[in-house]
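Trainee:
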Amino acid sequence: MSDWIKVAAPGDIAPGSCKVVDADGTRIAVYNLDGEFHAIEDVCTHDGGELASGVVEGGEVICPRHGARFCIRSGDALSAPAYEPTAKLPVRVENGIVEVRDDRWD
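Residue numbers (the working numbering): 20 to 125.
1. Helix, strand or coil: how does DSSP classify Asp61 here?
2. From the DSSP output, in three-state form, read off Asp121 for me.
3. Does the distance from the C-beta atom of Ala101 to that of His65 stay below 8 Å?
4. What is the rounded straight-line gap between the Cα of Asp95 and the Cα of Phe89?
5. Going by DSSP, what residues sit across from Thr45 in a beta bridge?
6. Would you check if there are 3 or more beta carbon pairs closer than 8 Å linking the region 75 to 87 to the region 109 to 125?
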């Protein structure tokens, strides 16, 4: 899938928060880190749970189920019990709208 998906106006995603969109059945969390937007797949690689409701500390999101930490900028798993990264996805601001796409199968 290579189409860009509209997420929100930049001002609708507060710094330190995220908005989740569905990309053909894949949940994508788009985060605002001090005005820069980053997108990761909304899945903890430890057990498949969602990440979007987790606490954001700096550039990390803490899984609400078991406490694994993920880098929002890269998707890297930073602490146990997760050891594999979650997918990082392209995000852009185009014509005043934050957009994301899942380009893993292009």
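Beta carbons: idealized from backbone N, C-alpha and C, even for Gly.
Mentor: Looking at the coordinates:
1. coil
2. coil
3. yes
4. 6 Å
5. Ala42
6. no
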